[in-house]
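*Asks:* Protein sequence lines, in the order shown, are assigned to chains A and B. Position one of the first sequence corresponds to residue 1 (our numbering), numbered consecutively onward. Position one of the second sequence corresponds to residue 1 (our numbering), numbered consecutively onward. All C-beta atoms, glycine included, are put in the ideal place defined by N, C-alpha and C.
Protein chains: 2
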Amino acid sequence: MGIQDHYLDEQVLHITWSDGKRSKYHYLWLRDNCSSAFHAITEERTFDLLSVSDDIRPTAVSIDGDKLHIDWSEGDHRSSYSFDWLRKYAYSVDFAQDRSGRVESWDKRFVDVIPQGEHEAIMHSDAALLTWMEDLARYGLALVRNMPATNEAVVETAERIGYLRRTNFGLTFDVRSVPKPSNQAYTADALPLHTDLPNHETPPGYQFLHCLNNESSGGESIFVDGFRVLEDIRVNAPEAFELLANQQIPFRFHDDDYDIREHRPVISLNYLGEVTELKYNAHLADIFDLPEDVMHEYYLAYRLLMRQLRDPRYMIQLRLGGGDMVVFDNRRVLHGRRQFDPSTGLRHLRGTYVDRTEFRSRLRVLRRTQGQGN
Amino acid sequence: MGIQDHYLDEQVLHITWSDGKRSKYHYLWLRDNCSSAFHAITEERTFDLLSVSDDIRPTAVSIDGDKLHIDWSEGDHRSSYSFDWLRKYAYSVDFAQDRSGRVESWDKRFVDVIPQGEHEAIMHSDAALLTWMEDLARYGLALVRNMPATNEAVVETAERIGYLRRTNFGLTFDVRSVPKPSNQAYTADALPLHTDLPNHETPPGYQFLHCLNNESSGGESIFVDGFRVLEDIRVNAPEAFELLANQQIPFRFHDDDYDIREHRPVISLNYLGEVTELKYNAHLADIFDLPEDVMHEYYLAYRLLMRQLRDPRYMIQLRLGGGDMVVFDNRRVLHGRRQFDPSTGLRHLRGTYVDRTEFRSRLRVLRRTQGQGN
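(1) Classify B/LEU272 as buried or exposed, calling it buried when 16 or more other Cβ atoms lie within 10 Å of its own Cβ.
(2) For B/ASN374, which of helix, strand or coil comes out of DSSP?
(3) Report, in whole angstroms, the separation of the C-beta atoms of A/LEU191 and A/GLY336, which I expect to be a contact under 8 Å.
(4) What does B/PHE288 reach in chain A if we use C-beta pairs closer than 7 Å?
(5) Spatial neighbours of A/GLU262 within its chain, please: C-beta separation below 7 Å, excluding the five flanking residues on both sides.
(6) With 8 Å as the threshold, decide whether the Cβ of B/VAL365 is near any Cβ in chain A.
(7) So, is the C-beta of B/LEU330 closer than 8 Å to a C-beta in chain A?
(8) By Cβ distance below 6 Å, which residues in the same chain neighbour B/ASN374 in space, the five residues on each side in sequence not counted?
(9) Does A/MET133 come out as helix, strand or coil in the three-state DSSP assignment?
(10) Locate the beta strand (DSSP E) running through A/LEU13, then write down its first and last residues.
(11) Below 8 Å between beta carbons: does that hold for A/GLU223 and A/ILE316?
(12) Classify B/TYR7: buried if its beta carbon has 16 or more other beta carbons within 10 angstroms, exposed otherwise.
(13) Taking all protein chains shown into account, do 16 or more other C-beta atoms lie within 10 angstroms of the C-beta of B/ALA188, making it buried, or fewer, making it exposed?
(14) From this set, B/ARG264, B/TYR280 and B/ASP107, which residue's C-alpha is nearest B/ASN246's C-alpha?
(15) Under 8 Å by Cβ, that's how I've got B/LEU143 and B/GLN116 pegged, so tell me the actual separation to the nearest angstrom.
(16) Secondary structure at A/TYR89, three-state DSSP: helix, strand or coil?
(17) Enumerated in chain order, which unbroken segments of the alpha helix (DSSP H) with a length of 4 residues or greater are wholly contained in the region 37-98 of chain A?
(18) Comparing the C-beta of B/LYS24 with each C-beta of chain A, is any distance below 8 Å?
(19) For a contact meaning CB atoms closer than 7 Å, what does B/LEU193 contact in chain C?
(20) Taking Cβ positions, are A/PRO204 and A/TYR353 nearer each other than 8 Å?
(21) Cβ closer than 9 Å: which chain A residues qualify as neighbours of B/GLU201?
(22) Give the interface partners of A/GLN184 over in chain B, defined as CB-CB distance under 8 Å, in chain order.
(23) Are any of the Cβ atoms in chain B nearer than 8 Å to that of A/GLU292?
(24) Can you give the Cα-Cα distance for B/PHE340 and B/GLY140, rounded to whole angstroms?
(25) Give me the DSSP bridge partner(s) of B/GLY273.
(26) Per DSSP, which residues does A/SER268 bridge with? Please list them.
(27) Per DSSP, which residues does A/SER105 bridge with? Please list them.
(28) Distance, Cα to Cα, B/PHE241 vs B/GLY345?
(29) Can you pull the DSSP bridge partners for A/ASN214?
(30) Can you check which of these residues, A/TRP72, A/ILE161 and A/ILE3, is closest to A/ASP84 by C-alpha distance?
(31) Anything in chain B within Cβ reach of A/TYR163, meaning under 7 Å, just list it in chain order.
(32) Are the CB atoms of A/LEU130 and A/ARG367 nearer to each other than 8 Å?
(33) Check for me: the beta strand (DSSP E) holding A/MET315 runs from which residue to which?
(34) Please report the distance separating the alpha-carbon of A/VAL113 from that of B/VAL52.
(35) Taking Cβ positions only, does B/ALA282 come closer than 8 Å to chain A?
(36) With the cut-off set at 8 Å, would you say A/THR195 and A/LEU304 are in Cβ contact?
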């Protein structure tokens, strides 16, 4: 792709490309991102931006093959940029990129098409791991079949992606009924839909639940894609959506050793305005301390969300068997379970977390090593 | 404290207290926070808020000693609230609490009054640990003296507070010059002021740097309280402050095993509008992809921040010796070092992190067990 035209104004190099697209490049941006600004080995930025003034500008711009050169008014320096690089990093409207993550939300029909991987393949093939992780990134939930019946299996599989996220419950946790539970997960009660640990500054990202035994009557697992529910609320009740995104409520868990509290919005948005997180856990919701003028409306919005989350059209129900593992994005997909009867047999899930930072990093590295680019 | 007067409207119980303060309590809030709404053992919330309607309201309110009772229009239920509880959780303006964390920002004069603790006391006395942690929470930086000269000491001390925050560099890291560095910390170069790992979704909270040896010439440590710098920018250049808080820039670190990227604002605010985090790391700043209409102004704001961070009136310089440990809030206090000459002697710091969630939890538990209340 060639350059059709270019000109300079006070702050900006304007380029019109051969395909008609236009882009602007601010002088400070160009100087800051000159290829000599990065360390040869670590590729970290080493240029000191303050070594030039606010008013730096080109004294000459020249084009030579597929490169654009700039001589600068300061520092006796020439920078060179390839056309490819200039188009790749263009930030003008004509180059607006789809930076969202190819997320696809789902409802109850997802139960028939849940992505699954084979434990053996995921452990030994990077290609199989990548395929399974791409599905998990897109849908927020995927299964692994034929897990070994060992306590270590959940950790070994999770570590194919990255190091574990520790919490106040440890690096791993066992979900089964115990005599003196510190929270409701460790009873035989039904567990309403929730996301884990919204009382932490950063709730855990991906949750791994390996079913070692499920021989009790009852105890089916239930899941809802919070992103789908929020898409619908955003359209049908935009004011409720805004309240849930803009107001923060307190969450808390405490026992003898911990007292973990955080104010967090139920809905988090990224810089593109997309929903990135849902934090919903009625058990850990502390006493709301919202301003009095929004309290009533907030309760109505919150209750709307609660009702929508229980709508059966969003919900999938699975009966995990020994050897199954379900993995889901804990800040997107809500999970719960039906009541079970511990006298009828053993129910034992073993869980761990890997956070989003490590998941996404691994996905990028696998795409690179498996030749699927950036 | 008694109740002077009370009345009901459509949604709210209004109370005027004997001291003249007024508070409102919304019916949904009162019903949701009835003492029977919490589990007897775990203290988690078990009441199903959807078991009542949007229109629930009192049929009778009565006062009996220091308790207020409400009979509800639904569910044949009576709730009781002590006056103390009602005042403690009041969310009306008259009860607006100072919920900020008694933070005190500092400038270069802090060098003469840096809080310090003795390793032996911190390890064996909860009271000493609490005092030292309160100082660290308030000022964002504190020292520990007379650390043992072992590789484990930094971990053992950090674990007095909580479990470690793992990163792509592991649970601990060693700062010394190495032949093939993956980042500039592991050279003998000067390290400009920065916060660690803004490329992570949540940058690490408290950083522990144990000085095992510092016999090289040079290599002094430097620190700046980012909160103080931002207070000044907020007053003197509010538009720059807003840009740094509202726009997100990309950060990135990559090597053979990781490719960790995140868009984050340089300044994060909490729900009270207070600065909670500064993320500043020129080395990890990736190529800015801001909208073209803010790019130039953003660069000016960012450069203003850079200049302020270098202003000597904010900076403290310390020469850590063997046995010293400096601990600081990595999302508040920027750190760096002067260049050193590795041929003149060994310089070896060993580091780890404990995140804010665990730090704050430990502080609450220590306050409780040391009898300083909530």
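*Replies:* Answer, in terms of the structure:
(1) Locating residue 272 of chain B in the second sequence gives position 272, where the first residue counts as 1. So B/LEU272 counts as exposed.
(2) On the second sequence, residue 374 of chain B is found 374 positions in, with the first residue counted as 1. Only weak support exists for where B/ASN374 lies, its pLDDT of 44 falling under 50; the coordinates are left without a value.
(3) On the first sequence, position 191 is the one that residue 191 of chain A refers to. On the first sequence, position 336 is the one that residue 336 of chain A refers to. Contact holds; Cβ gap of about 5 Å.
(4) If you number the second sequence from 1, residue 288 of chain B lands on position 288. Residues of chain A passing the Cβ test: TRP29.
(5) Numbered from its first residue, the first sequence carries residue 262 of chain A at position 262. Same-chain partners within the cutoff: ASN199, HIS200, GLU201 and PHE251.
(6) Here the question's residue 365 of chain B lines up with position 365 in the second sequence. It does: the Cβ of B/VAL365 has a partner Cβ on chain A nearer than 8 Å.
(7) Within the second sequence, numbered from 1, the residue matching residue 330 of chain B stands at position 330. First, the residue type needs correcting, since residue 330 of chain B is Asn and not Leu in the sequence shown. With 8 Å as the cut-off, B/ASN330 does not count as an interface residue toward chain A.
(8) Reading the second sequence from its first residue, position 374 is the one you call residue 374 of chain B. The predicted position of B/ASN374 is uncertain, since its pLDDT is 44 and thus under 50; a value taken from the coordinates is nonetheless stated next. Around B/ASN374: no qualifying Cβ.
(9) Numbered from its first residue, the first sequence carries residue 133 of chain A at position 133. DSSP places A/MET133 in helix when its eight states are reduced to three.
(10) Position 13 of the first sequence, counted from the start, is the residue given in the question as residue 13 of chain A. Where A/LEU13 is concerned, the enclosing beta strand (DSSP E) stretches over 12-17.
(11) In the first sequence, counting from the first residue as 1, residue 223 of chain A sits at position 223. In the first sequence, counting from the first residue as 1, residue 316 of chain A sits at position 316. Here residue 223 of chain A turns out to be Phe, not Glu, going by the sequence shown. Yes, the Cβ-Cβ distance between A/PHE223 and A/ILE316 is below 8 Å.
(12) Here the question's residue 7 of chain B lines up with position 7 in the second sequence. By the 10 Å Cβ count, B/TYR7 comes out exposed.
(13) Residue numbering aside, residue 188 of chain B sits at position 188 when the second sequence is read from its first letter. Label assigned to B/ALA188: buried.
(14) Counting from 1 along the second sequence, the entry for residue 246 of chain B is found at position 246. It is B/ARG264 whose Cα lies nearest to the Cα of B/ASN246.
(15) For the purposes of this step, residue 143 of chain B is taken as the residue at position 143 of the second sequence. For the purposes of this step, residue 116 of chain B is taken as the residue at position 116 of the second sequence. At roughly 4 Å, the Cβ-Cβ gap stays under 8 Å, so B/LEU143 and B/GLN116 are in contact.
(16) Locating residue 89 of chain A in the first sequence gives position 89, counting from the first residue. In the structure shown, A/TYR89 sits in coil (DSSP, three-state: anything other than H, G, I, E or B).
(17) 83-88
(18) If you number the second sequence from 1, residue 24 of chain B lands on position 24. True, the Cβ-Cβ gap to chain A drops below 8 Å.
(19) Included in the structure are the protein chains A and B, with no chain C among them.
(20) Position 204 of the first sequence, counted from the first residue, corresponds to residue 204 of chain A. Position 353 of the first sequence, counted from the first residue, corresponds to residue 353 of chain A. Yes; because the gap between Cβ atoms is below 8 Å, this pair is in contact.
(21) Here residue 201 of chain B refers to the residue found at position 201 when the second sequence is read from its first residue. THR202, GLY205, ASP355, ARG356, THR357 and ARG360, listed in chain order.
(22) Along the first sequence, read from residue 1 onward, the residue named residue 184 of chain A stands at position 184. Within 8 Å Cβ-Cβ: HIS39, THR42, GLU44 and THR46.
(23) In the first sequence, the residue the question calls residue 292 of chain A occupies position 292. Yes, A/GLU292 lies at the interface with chain B (some Cβ there is under 8 Å from its Cβ).
(24) Sequence index remark: in the second sequence, residue 340 of chain B carries index 340 (1-based). Sequence index remark: in the second sequence, residue 140 of chain B carries index 140 (1-based). For B/PHE340 and B/GLY140, the distance between alpha carbons rounds to 26 Å.
(25) As a first step, residue 273 of chain B must be located in the second sequence, where it is residue number 273. Its beta-bridge partners do not exist; DSSP assigns none.
(26) Reading the first sequence from its first residue, position 268 is the one you call residue 268 of chain A. Answer is A/GLU277.
(27) Indexing the first sequence from 1 puts residue 105 of chain A at position 105. DSSP, once it has assigned bridges, lists no residue as partnering A/SER105.
(28) On the second sequence, residue 241 of chain B is found 241 positions in, with the first residue counted as 1. On the second sequence, residue 345 of chain B is found 345 positions in, with the first residue counted as 1. For B/PHE241 and B/GLY345, the distance between alpha carbons rounds to 43 Å.
(29) Counting from one through the first sequence, the residue named residue 214 of chain A turns up at place 214. DSSP output for A/ASN214 lists A/ARG347 as bridge partner(s).
(30) To locate residue 84 of chain A, count along the first sequence from 1; it is residue 84. For the residues A/TRP72, A/ILE161 and A/ILE3, the minimum Cα distance to A/ASP84 belongs to A/ILE3.
(31) By one-based count along the first sequence, residue 163 of chain A stands at place 163. Result: ARG166.
(32) Counting from one through the first sequence, the residue named residue 130 of chain A turns up at place 130. Counting from one through the first sequence, the residue named residue 367 of chain A turns up at place 367. Contact flag set, yes.
(33) For the purposes of this step, residue 315 of chain A is identified with residue 315 of the first sequence, where counting begins at 1. Looking at the DSSP string, the run of the beta strand (DSSP E) that includes A/MET315 is 315-318.
(34) Here the question's residue 113 of chain A lines up with position 113 in the first sequence. Here the question's residue 52 of chain B lines up with position 52 in the second sequence. Spanning the two alpha carbons is a distance of roughly 36 Å.
(35) Residue 282 of chain B sits at position 282 when you count from the first residue of the second sequence. Chain A contact via Cβ: present.
(36) Counting from 1 along the first sequence, the entry for residue 195 of chain A is found at position 195. Counting from 1 along the first sequence, the entry for residue 304 of chain A is found at position 304. No; because the gap between Cβ atoms is not below 8 Å, this pair is not in contact.
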